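Visitor: One line per chain: the protein sequences are S and G, in this order. In terms of our numbering, the first sequence opens at residue 12 and continues consecutively. In terms of our numbering, the second sequence opens at residue 17 and continues consecutively. After the C-alpha cells below, expect a handful of questions from me.
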Amino acid sequence: MTDEHPVSKSTTWSFPTIALWIIFPLVLGFIGSLFIPRPTIGLIYLNDAIFSSSAKDLIQQISAARNSNEIRAVVLVMNSPGGTVTDTESVYREIENLRQSKPVVTVIEGISASGGYYLSCASDYIFAKASSEVGNIGVIGTQPEKPAVLENIYSTGPYKMWGMPRDSFSRELEMLKQGFLQAVKLGRGNRLKMADEVLLRGEIYSGGDALRLGLIDDLGSQSDALKKAAELAAIRNYSVKDMFEIAGLKVKTVEPMGFFLKDKSGVDSAYPARAGNFMLYIPGLGDIQ
Amino acid sequence: MKISKPVAALLSFILPIVLTIVWFYSGIPKVNKSTVPDFSSIDLAQPPLSTLVVLPESPKTSITNVLIDMKHGNMVSLSEIDPLLRNIESLGGVIDVYKEDGDLSTRLKTASAFLSPVPMNSFTAEEMKAILSFVERGGRLVVVTDPTRNTLFSDSGNIGLSGVDTANLVLEPFDLSFKDDYLYDMVENEGNFRNIIMTNFSTNSLMKDVKVMVIYGGHSLNASGISLATVNKGTISSTDEQSTNLSPMKITDFHKGQVVAIGDISLMTGQYVQSADNQVFVRNLARFLTESNREKTLAEFPYLFKQDVVIQPTGKLKVDGELISAISNLENAMDVKVGSLTISQVADDKIDRIMLTTFESSKVTKAIIETLKIDLSPELPLNEENEESEESTSEAHETKTATPTVTPSPTPTPTVKPDETRETEFPFIEDDIPSENPDEISVPGLGIVKTDGLGVVGLVQENDRSTLVIMATTPEKIQELINQLSTENLKNCLIHDNLATCRISAGSSEPEG
Chain S
12 MTDEHPVSKS TTWSFPTIAL WIIFPLVLGF IGSLFIPRPT IGLIYLNDAI
62 FSSSAKDLIQ QISAARNSNE IRAVVLVMNS PGGTVTDTES VYREIENLRQ
112 SKPVVTVIEG ISASGGYYLS CASDYIFAKA SSEVGNIGVI GTQPEKPAVL
162 ENIYSTGPYK MWGMPRDSFS RELEMLKQGF LQAVKLGRGN RLKMADEVLL
212 RGEIYSGGDA LRLGLIDDLG SQSDALKKAA ELAAIRNYSV KDMFEIAGLK
262 VKTVEPMGFF LKDKSGVDSA YPARAGNFML YIPGLGDIQ
Chain G
17 MKISKPVAAL LSFILPIVLT IVWFYSGIPK VNKSTVPDFS SIDLAQPPLS
67 TLVVLPESPK TSITNVLIDM KHGNMVSLSE IDPLLRNIES LGGVIDVYKE
117 DGDLSTRLKT ASAFLSPVPM NSFTAEEMKA ILSFVERGGR LVVVTDPTRN
167 TLFSDSGNIG LSGVDTANLV LEPFDLSFKD DYLYDMVENE GNFRNIIMTN
217 FSTNSLMKDV KVMVIYGGHS LNASGISLAT VNKGTISSTD EQSTNLSPMK
267 ITDFHKGQVV AIGDISLMTG QYVQSADNQV FVRNLARFLT ESNREKTLAE
317 FPYLFKQDVV IQPTGKLKVD GELISAISNL ENAMDVKVGS LTISQVADDK
367 IDRIMLTTFE SSKVTKAIIE TLKIDLSPEL PLNEENEESE ESTSEAHETK
417 TATPTVTPSP TPTPTVKPDE TRETEFPFIE DDIPSENPDE ISVPGLGIVK
467 TDGLGVVGLV QENDRSTLVI MATTPEKIQE LINQLSTENL KNCLIHDNLA
517 TCRISAGSSE PEG
C-alpha cells in the first residue's frame with residue numbers, strides 16, 4: 012500500500028513556473044546589473060606647464076572624473092615643470108575636491124617640479140621613475156617696478172600702476188612659500204622625511220632620492236599607478252580611459268600664448284613671458300635674464 | 017529545503033547584480049578627507065624696525081673730498097646710493113664723481129676717500145697703482161660688491177664680467193677678497209632666505225651703535241682682514257654650504273690708509289636702508305669716508321690745499337707783477353677756491369701757507385728748513401776739491417757726515433712753533449738777516465747738490481696746517497720755479513718723500529706768445 016502525499020502547488024516547478032519565477036527575474040537581474048557602473052580609471056595627462064589654458068583643460072577633466080559614476084579613480088600622468096601660482100592652486104584645489112570621493116594617484120614621468128609637485132601632493136600616492144626630476148619646492152617672482160609717476164598717465168593711488176610696494180612683494184612670496192610647504196606637509200604627512208628648511212631649499216631631486224626623502228611613495232610605471240589606483244578605489248576588472256575625451260575636450264592646447272619664451276631660434280622654453288609669481292622650475296633662468 | 021517562489025524570484029533577480037558587483041568591486045574605496053593649506057594661519061615676520069637717524073649738522077672741519085667711482089661699469093647709480101651720499105654731505109664731505117674725465121691718480125690727489133660701488137669693468141694697471149699709492153698715503157678705500165649685481169648681461173646673454181673678479185683685483189694688494197657666493201639663512205631671515213640678519217659686530221667705529229643689520233643678498237669675504245660683522249650661526253655661504261665665521265664686511269689697515277670691503281650694496285640703497293640699523297651703518301660709513309685725516313704728501317702736488325692759503329715771501333723776495341703773475345698761475349694749477357689765496361707777511365698758524373724763499377737761512381725759514389733736513393752749509397770732505405771727477409763726487413757723497421746718501425724718511429714732524437712765523441714781516445725783518453746764498457746744499461736723498469739752477473719744493477705738515485716751501489737761489493729763479501710748477505707740476509723734479517728737488521728750466525717764466 013502506498014501513501015500518497017498531496018503535492019503542494021507552491022513546490023511544483025513546472026517549466027512555466029520556472030520561467031516565471033526564476034528565468035524572468037534572472038533576466039531582470041541581468042538587465043539590472045547592466046546599470047551598475049563599470050569601474051573605470053581615468054587618465055589625466057599633464058604634459059605641459061600649468062598656465063591658464065592647460066589649467067582649464069585639467070579642471071575640466073577633473074570635474075568630469077568627479078561627476079562620472081564610472082570613473083572610480085584617477086591617475087595623473089605628470090610631466091610638468093610647474094607654472095603660475097594661481098593656475099596651480101586652482102588645479103590643486105580641484106584635485107583635492109576629487110580626492111574626497113575618488114582616489115588620485117600620480118605617476119611622474121619626466122618631471123614634477125615646483126607647481127607640478129604641488130599638484131602631485133594633492134594625490135594619494137605618488138610614483139616616479141628613478142630618473143624623474145622631483146621637487147623644486149618654492150616660488151619665484153619678479154619684483155614690481157619701483158613706483159613712479161608718469162606725465163601722461165594718471166592713477167588714483169601710488170600702487171594703482173605698480174601693484175604693491177616692493178617689500179610687500181617679498182612678503183607675498185614668502186606667504187606663498189609657506190602655503191606650498193603646508194600643501195606638501197598635508198599631502199605627504201608623516202611619509203615626508205625632510206626638515207622644513209631642507210625642503211624649502213628648492214632642490215630638485217632624482218626619483219630615487221625623492222623616494223628616500225619621502226617626496227614620493229614608490230618607483231613605478233603607469234601600470235603600477237593604475238594598479239595602485241584600483242587598489243585604493245577597491246575595484247577590479249576595470250577599464251582605463253583618457254579623461255580628455257570623456258571631458259569632451261577636442262583639441263589639446265598647442266600654443267600656450269603668453270607663457271613660453273621663444274628664443275631667437277624659435278624654440279620655446281618654460282620661461283614665463285610675463286611678470287608674476289610662479290611655481291615653476293626654470294633651469295638656466297639666469298642665462299635668459 | 018523549500019524555497020518559496022517569491023524568494024526564488026528575488027534571488028534570481030539579485031544574483032546577476034551581486035555577481036556583477038563582486039566582479040568589479042572589491043570593497044569600500046579608501047578616500048581621504050581633503051585638506052588644503054590654511055593661508056590665514058600663516059604669520060609672516062615683519063621687517064625689523066628702522067632706527068631713526070637724525071642727520072648731523074655739517075661740522076666746521078676741513079672739507080674732505082670723497083671720490084666715487086662711476087667709471088668701471090658700476091652696476092649702481094648715484095641715486096640708488098643717495099642715503100650714503102646725503103650722509104657724506106651732511107658730514108661735510110664733498111662728493112666727487114670719477115667718470116670719464118681725468119686719470120685716477122690725479123683725481124685721487126684731491127680725495128680723502130675713494131668709494132668704488134659694484135665695479136664691473138676692470139681697472140687698468142695705472143689705476144690700480146694709483147689706488148695702492150693712495151691708500152699707502154693714508155687714503156681710505158671702500159669697495160662694495162653685490163651678488164644680485166654680479167654679472168653684466170647683454171641682449172646676447174652673459175658677457176662674462178663678474179663684479180667679484182673686478183673688485184678682487186683692486187683689493188688684491190690689501191689682502192682682501194670677496195667670495196663669489198651669496199649668503200643665506202633658511203631659518204632666521206628677513207622675509208626671504210637671502211635676506212640675512214646679523215647681530216654680531218666688531219667694536220670698530222664703523223659698527224658703532226649698530227645692533228641689528230639686514231643684508232639683502234651679500235657676498236662673504238675670504239679669511240684675511242678684520243671682520244666688521246659676522247653672520248649668525250644658521251647663515252650659510254652658497255659656494256660650500258658651510259657656516260663658519262662668515263663675514264660680509266671687513267676692514268684692513270694698509271700703511272697709513274684703510275681699506276673696507278662690503279659684500280652688499282643693497283643695504284645702502286633707499287629701499288633697504290631703513291631696515292634695522294642699516295642706516296646707522298650707512299652713517300658710520302659716511303663718517304669713515306669723510307673723517308679721513310689723510311696728511312697730504314708732496315705726491316699730491318698741486319692739490320695740496322682746499323681752503324685759504326697764504327703766500328708768504330721771505331728774505332729778499334719782493335712782490336711785483338712778475339711774482340703776482342706767477343702766483344696766479346700757481347693758484348689756477350692748484351685748483352683752490354678763487355679768492356682763497358692771499359699774499360701776506362703774517363701767516364696765521366691755522367692757515368695753510370706757501371713759503372717762498374731763497375736758500376738763505378733766515379729766522380723765518382730756519383725751522384722749516386731744519387724740518388725738511390736741508391743743510392744749507394754742508395761740511396765738505398777734505399778731498400772735495402776734485403770736483404771734475406764724477407766718481408770722486410759720488411764717493412764724496414758717501415763720506416759726508418752731515419747728510420748721508422741714503423737718508424731715513426724725513427717725515428715732517430711738527431717742530432715749527434707758530435710764534436716763529438707769526439712775527440714775520442715783509443719783505444723781511446731787520447734783525448732777521450739771511451745768510452749768504454750757498455753754492456751747495458745738502459738735500460735728503462740726494463746728498464750735496466749745487467744750488468745753481470736748482471729748485472727745492474718741500475711740504476711740512478704741522479698740527480693744523482700744511483706749509484709748502486718753494487726754494488731757489490734768487491727771487492727770479494723762484495718765479496721761474498713757480499711758473500714751472502704751475503705748468504708741469506713736479507715733472508722735472510726728483511721726489512723724495514715730502515721733498516722735491518727740481519731743475520729750473522731756463523726761460524720757463526717767459527710769457528707765452
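A virtual CB, placed ideally from N, CA and C, is assigned to each residue, including glycine. Computed from a predicted structure; not experimentally measured.
1. Is the number of C-beta pairs between the stretch 240-255 of chain S and the stretch 239-253 of chain G that are closer than 8 Å three or more?
2. Taking DSSP's pairing of strands, which residues face G/N540 in a bridge?
3. With DSSP run on the structure shown, which of helix, strand or coil describes G/V276?
4. What are the boundary residues of the beta strand (DSSP E) that G/K266 is part of?
5. My parser needs the alpha helix (DSSP H) runs of 4 or more residues fully inside the stretch 204-245 of chain S; what are they?
6. Buried or exposed: where does S/P27 fall if 16 or more other Cβ atoms within 10 Å of its Cβ makes it buried?
7. Locate the beta strand (DSSP E) running through G/E347, then write down its first and last residues.
8. Between G/P135 and chain S, is any beta-carbon pair separated by less than 8 Å?
9. Below 9 Å on C-beta distance, what does S/W173 contact in chain G?
10. Do you know offhand how far G/R303's Cα is from G/I104's?
11. Is S/S302 buried or exposed, if buried means 16 or more other CB atoms sit within 10 Å of its CB?
12. Which residues of the stretch 42-57 of chain G have a Cβ closer than 9 Å to any Cβ of chain S? Give them in chain order.
13. Determine the direct distance from the alpha carbon of G/F209 to that of G/P189, and round the result to whole angstroms.
14. So is G/T285 in contact with chain S if we call contact Cβ pairs under 8 Å?
15. Answer with buried or exposed for G/N261, where buried requires no fewer than 16 other C-beta atoms within 10 angstroms of its C-beta.
16. Check whether the Cβ of S/Q72 lies closer than 8 Å to any Cβ atom in chain G.
17. If you measure beta-carbon to beta-carbon, which residues of the stretch 64-96 of chain S are closer than 9 Å to chain G?
18. Please state the DSSP three-state secondary structure of G/K18.
19. Distance cutoff 8 Å, beta carbons only. Does G/L26 sit that close to anything in chain S?
20. Applying a beta-carbon distance threshold of less than 9 Å, which residues of chain G neighbour S/P294?
21. Which same chain residues end up closer than 7 Å to G/L100 when comparing Cβ atoms and leaving out the 5 residues on each side of it in sequence?
22. By DSSP's criteria, G/H512 is part of a beta bridge. Which residues make up the other side?
23. Taking G/L187 as the reference, give the member of G/L148, G/K115, G/K272, G/V203 with the closest Cα.
24. Going by the beta-carbon positions, is the gap between S/G94 and S/F289 smaller than 8 Å?
25. Let me make sure I understand the geometry here. Which of S/V85, S/Y170, S/M186, S/K113 has the alpha-carbon closest to that of G/I58?
26. Between the alpha carbons of S/G149 and G/D269, how many angstroms are there, rounded?
27. Who does G/Y41 pair with in a DSSP beta bridge?
28. G/G207 touches chain S at which residues, Cβ-Cβ below 9 Å?
29. Going along chain S in order, which residues have a C-beta closer than 7 Å to the C-beta of G/P63?
30. Residues bridged to G/A488 by DSSP?
31. Which residue's Cα is closest to the Cα of G/I343: G/D480, G/L120, G/L124, G/P491?
32. Near G/G89, what residues of its chain come up, given a Cβ to Cβ distance below 6 Å and the 5 sequence neighbours on each side ignored?
33. Just to confirm my understanding: we take S/G231, look at its own chain, exclude 5 residues before and 5 after, and list those with CB closer than 6 Å. What are they?
34. Using beta-carbon positions only, say whether G/S546 and G/G337 come within less than 8 Å of one another.
35. Within 10 Å of its beta-carbon, does G/H235 have 16 or more other beta-carbons around it, so buried, or fewer, so exposed?
36. Where in the stretch 280-332 of chain G do unbroken runs of the beta strand (DSSP E), each at least 3 residues long, occur, reported from the N-terminal end onward?
Guide: Looking at the atomic coordinates:
1. Flag = no, the stretch 240-255 of chain S and the stretch 239-253 of chain G do not touch.
2. Residue 540 of chain G is absent from the structure shown; chain G starts at 17 and stops at 529.
3. Under the three-state reduction of DSSP output, G/V276 falls in the strand class.
4. Taken as a continuous stretch (DSSP letters only), the beta strand (DSSP E) holding G/K266 covers 265-270.
5. The stretch 204-245 of chain S contains these whole alpha helix (DSSP H) runs: 207-210, 218-224, 233-244.
6. Only exposed fits S/P27, as fewer than 16 other CB atoms lie within 10 angstroms of its CB.
7. First-last for G/E347: 337-350, but that is the alpha helix (DSSP H), not the beta strand (DSSP E).
8. Residue-level contact by beta carbon fails for G/P135 and chain S, as no gap is shorter than 8 Å.
9. Within chain G, no residue comes near S/W173; the closest Cβ sits about 13 Å away, beyond 9 Å.
10. C-alpha separation (whole angstroms): 7 Å.
11. Residue 302 of chain S is absent from the structure shown; chain S starts at 12 and stops at 300.
12. Under the 9 Å Cβ criterion, the stretch 42-57 of chain G contributes S42, G43, I44, P45, K46, V47, N48, K49, S50, T51, V52, P53, D54, F55, S57.
13. Each residue's CA atom was taken as its position, placing G/P189 and G/F209 some 33 Å apart.
14. So no, G/T285 is outside the interface.
15. That one is exposed.
16. The beta carbon of S/Q72 does not come within 8 Å of any beta carbon belonging to chain G, so the residue lies off that interface.
17. Close to chain G, meaning a Cβ-Cβ distance shorter than 9 Å, are the following residues of the stretch 64-96 of chain S: R83, A84.
18. Collapsing the DSSP output to three states places G/K18 in coil.
19. Yes, because at least one Cβ of chain S sits closer than 8 Å to the Cβ of G/L26.
20. S/P294 does not reach chain G, its nearest Cβ partner there being about 15 Å away, counting only Cβ pairs nearer than 9 Å.
21. Close CB contacts of G/L100 within its chain, under the 7 Å cut and outside five residues either way in sequence, are with M284, V298, L301, A302 (chain order).
22. Answer by DSSP bridge pairing, in chain order: G/L515.
23. Among G/L148, G/K115, G/K272, G/V203, the Cα nearest to that of G/L187 is on G/L148.
24. Taking 8 Å as the Cβ cut-off, S/G94 and S/F289 qualify as a contacting pair.
25. Comparing alpha carbon positions, the residue from S/V85, S/Y170, S/M186, S/K113 closest to G/I58 is S/M186.
26. Cα to Cα, the separation comes out at about 43 Å.
27. Partner(s): S/I246.
28. Contact annotation for G/G207 against chain S: D178, S181, R182, L184, E185 [CB-CB distance below 9 Å, chain order].
29. The answer, in chain order, is D178.
30. For G/A488, the pairing in a beta bridge is given by DSSP as G/T374, G/G471.
31. It is G/P491 whose Cα lies nearest to the Cα of G/I343.
32. Listed in chain order, the non-local C-beta contacts of G/G89 below 6 Å within the same chain comprise M136, N137, local neighbours out to five positions each way being set aside.
33. Here the set comprises F138.
34. Look at the range of chain G in this structure, 17 to 529, and you will see that residue 546 of chain G is not part of it.
35. It counts as buried.
36. Taken in chain order, the unbroken stretches of beta strand (DSSP E) that lie wholly in the stretch 280-332 of chain G and span 3 residues or more are 325-329.
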